[in-house]
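Residue numbers (this note's numbering), protein chains in the order written: chain A, 3 to 333; chain B, 3 to 294.
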């Protein structure tokens, strides 16, 4: 219990630091980078729920993002529906898509590589559809107008978007925090560790996995609205880019799957590496080469990510059996 | 409009068959790797792109005809595949399915962006002296490169099939695919067979790349286009099934070109991902596969 409480203090301190941070940073550049880090960490967290906790790797996580972005943007451009309400419909759209994809693929028993591939195919299917129909603006894309105001979820300064992304990230961490202490979260972990055993214990694995992908979808939907309102432009290659699907799994795996802060750590490290690499050699592709290398090294040598590596060290240095027990309890 | 489309249907089907043979060759590499190693090589498209570039540079720098390059690129690709499994994927993955998927994903990111870094993002094509000559079939023209590629791809498939069924190495590979432990017990070096199989799978890509170059363009993202196509064929035909890869290749080739004809350029691409999803949901073993 004391452990949990110190954890909470630590968390609160970090949150306050992030909230007051913009008052100490005047550079627009750093604010933008931090915004992007929180945004990626948020998306990574959504992937983490299905991939890290439930053990179902998706390669098409971007589909929820893109669908959410289209839902709120189309509502805005055709009906003038304010995005502050539109974001909730985007969330519902993402969850609904999660329900459809989850029901179709989990019911037929797809797992492992097959599930990864079918999500990739769903994202591709939606990209082609968005490219071909009228109401998404087709290949030309959708242009949103810039009209700052809370009802539009647009802000006059980059700091506004900083807080928007920070709120999203806090919510995602709260969701995973709840997951860690809830029965549902334990059921997901049971599915990850051994699905047959989980089923035998009476867990409705199908239902749990569908719930997990719906949470992921809902979170992705909100991310879509955020992106559209910040960048004001949307087209099928952006909305359903495989690159974003990869990035959300990448930050989570690098940081540590199935951990609360894995996606944040991963997003922070990867974006820092990216910016540093860009600073020295500004050639397209280079930073992604580094991403690929990091992914392979992490999979090969640190299967539990950076957080896992850190925890291991901690275990090695301080080490009564009681310590081990508590640290295992909270991980 | 519809009647005009219908009159072009036979042409679309024949075009689809031509592409289908090459797709089959690409899928053959993938299905072979899956059948023996039980892994999904996500970097398959990226490696195909590398093969296309290899053929392109051989033509561009040394003026070697892409069809002749098959003899150079295929063995090089095979060695590349062998090395990358032996010293990269194999030791790093530690036998976990999802690790291999992620490592090959990382590889594809590296290869794709390495190509962008070194070769720039421009689309490259080759101009062959006979590139625009064509057979007149009465209702359509069929360019020489398409016909040559079609037969070359079929020939490659036949050679591969013969090698798999007649040589000792082929027997060893099939033994490992069927019963890994048993193969180990009778003295087959399973790890080596894995690397050899991976090499053969990539060698197929080397050949396919050379055959595709006269028909397609190449840029660093070419691989992406074929990843889903190849996976669809393999899943459709049945993971690990050679016959399935051939039949699946033809089905997908025809679906693509007929879909493009009837639904238009943009929506026509939907056929492949739709087939992929439907097959995975309703018959994940595919047409010729036995088990998942």
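Note that the Cβ used here is the ideal one computed from N, Cα and C, for glycine as well.
Does DSSP classify residue i as helix, strand or coil?
{"i": "residue 58 of chain A", "result": "coil"}
{"i": "residue 34 of chain A", "result": "helix"}
{"i": "residue 145 of chain B", "result": "strand"}
{"i": "residue 282 of chain A", "result": "helix"}
{"i": "residue 220 of chain B", "result": "strand"}
{"i": "residue 156 of chain A", "result": "strand"}
{"i": "residue 271 of chain B", "result": "helix"}
{"i": "residue 148 of chain A", "result": "coil"}
{"i": "residue 301 of chain B", "result": "Beyond the ends of chain B as shown, which are 3 and 294, falls residue 301 of chain B; an answer cannot be given."}
{"i": "residue 132 of chain B", "result": "coil"}
{"i": "residue 215 of chain B", "result": "coil"}
{"i": "residue 289 of chain B", "result": "coil"}
{"i": "residue 21 of chain B", "result": "helix"}
{"i": "residue 203 of chain A", "result": "coil"}
{"i": "residue 293 of chain A", "result": "helix"}
{"i": "residue 320 of chain A", "result": "Residue confidence is low: residue 320 of chain A scores 49 on pLDDT, short of 50, so the model does not pin down where it sits. Its coordinate-derived value is still stated next. Coil."}
{"i": "residue 190 of chain A", "result": "helix"}
{"i": "residue 164 of chain A", "result": "helix"}
{"i": "residue 110 of chain A", "result": "coil"}
{"i": "residue 191 of chain B", "result": "coil"}
{"i": "residue 234 of chain B", "result": "helix"}
{"i": "residue 80 of chain A", "result": "helix"}
{"i": "residue 331 of chain A", "result": "In this prediction, residue 331 of chain A has a pLDDT of 38, which is less than 50 and means its spatial position is unreliable; nothing more can be read from the coordinates."}
With distances taken Cα to Cα, identify the nearest neighbour of residue i among the options.
{"i": "residue 258 of chain A", "options": "A:249, A:250 and A:268", "result": "A:268"}
{"i": "residue 297 of chain A", "options": "A:312, A:252, A:261 and A:281", "result": "A:252"}
{"i": "residue 26 of chain B", "options": "B:207, B:117 and B:282", "result": "B:207"}
{"i": "residue 11 of chain B", "options": "B:185, B:105 and B:258", "result": "B:258"}
{"i": "residue 236 of chain A", "options": "A:312, A:78 and A:14", "result": "A:78"}
{"i": "residue 181 of chain A", "options": "A:260, A:205, A:18 and A:249", "result": "A:260"}
{"i": "residue 150 of chain B", "options": "B:68, B:197 and B:224", "result": "B:68"}
{"i": "residue 100 of chain B", "options": "A:302, A:312 and A:271", "result": "A:302"}
{"i": "residue 126 of chain B", "options": "B:220, B:263 and B:98", "result": "B:220"}
{"i": "residue 243 of chain A", "options": "A:31, A:12, A:68 and A:25", "result": "A:68"}
{"i": "residue 90 of chain B", "options": "B:106, B:80 and B:78", "result": "B:106"}
{"i": "residue 20 of chain B", "options": "B:278, B:248, B:284 and B:267", "result": "B:248"}
{"i": "residue 178 of chain A", "options": "A:26, A:217 and A:94", "result": "A:217"}
{"i": "residue 91 of chain A", "options": "A:293, A:22 and A:219", "result": "A:219"}
{"i": "residue 25 of chain A", "options": "A:74, A:164 and A:82", "result": "A:164"}
{"i": "residue 89 of chain A", "options": "A:278, A:36 and A:230", "result": "A:230"}
{"i": "residue 146 of chain A", "options": "A:227, A:29 and A:272", "result": "A:227"}
{"i": "residue 39 of chain A", "options": "A:249, A:184, A:82 and A:112", "result": "A:249"}
For residue i, count neighbouring Cβ atoms within 10 angstroms of its own Cβ and tell me buried if that reaches 16, exposed if not.
{"i": "residue 320 of chain A", "result": "Below a pLDDT of 50, predicted positions are generally treated as unreliable, and residue 320 of chain A, at 49, falls in that range; no measurement from the model is reported."}
{"i": "residue 9 of chain B", "result": "exposed"}
{"i": "residue 136 of chain A", "result": "exposed"}
{"i": "residue 45 of chain A", "result": "buried"}
{"i": "residue 2 of chain B", "result": "Since the displayed chain B opens at 3 and closes at 294, residue 2 of chain B lies outside it and no answer follows."}
{"i": "residue 114 of chain B", "result": "buried"}
{"i": "residue 42 of chain B", "result": "buried"}
{"i": "residue 1 of chain A", "result": "No information on residue 1 of chain A is available, as it lies outside the stretch 3 to 333 that chain A covers here."}
{"i": "residue 72 of chain A", "result": "buried"}
{"i": "residue 42 of chain A", "result": "buried"}
{"i": "residue 46 of chain B", "result": "buried"}
{"i": "residue 129 of chain B", "result": "exposed"}
{"i": "residue 152 of chain B", "result": "buried"}
{"i": "residue 50 of chain A", "result": "buried"}
Tell me, which residues are paired with residue i by DSSP?
{"i": "residue 118 of chain A", "result": "Answer is none; residue 118 of chain A lacks a bridge partner."}
{"i": "residue 138 of chain B", "result": "B:143"}
{"i": "residue 126 of chain B", "result": "B:220"}
{"i": "residue 53 of chain A", "result": "According to DSSP, residue 53 of chain A bridges with nothing at all."}
{"i": "residue 87 of chain B", "result": "The partner list for residue 87 of chain B (beta bridge, DSSP) is empty, contrary to what the question assumes."}
{"i": "residue 235 of chain A", "result": "A:145"}
Which residues in the same chain have their Cβ closer than 7 Å to the Cβ of residue i, if we skip the five residues on either side of it in sequence?
{"i": "residue 247 of chain A", "result": "61, 62, 63, 64 and 125"}
{"i": "residue 108 of chain A", "result": "208, 211 and 212"}
{"i": "residue 102 of chain A", "result": "none"}
{"i": "residue 54 of chain B", "result": "211, 214, 215, 220 and 224"}
{"i": "residue 27 of chain A", "result": "33"}
{"i": "residue 104 of chain B", "result": "none"}
{"i": "residue 282 of chain B", "result": "237"}
{"i": "residue 11 of chain A", "result": "none"}
{"i": "residue 84 of chain B", "result": "197, 198, 200 and 201"}
{"i": "residue 17 of chain B", "result": "259"}
Excluding sequence positions up to five away, which residues of its chain have a Cβ less than 8 Å from the Cβ of residue i?
{"i": "residue 202 of chain A", "result": "none"}
{"i": "residue 124 of chain B", "result": "221"}
Leaving out the 5 sequence neighbours to the left and right, which residues in its chain are closer than 6 Å to residue i when beta-carbon positions are compared?
{"i": "residue 238 of chain A", "result": "129, 132 and 133"}
{"i": "residue 57 of chain A", "result": "194"}
{"i": "residue 13 of chain A", "result": "none"}
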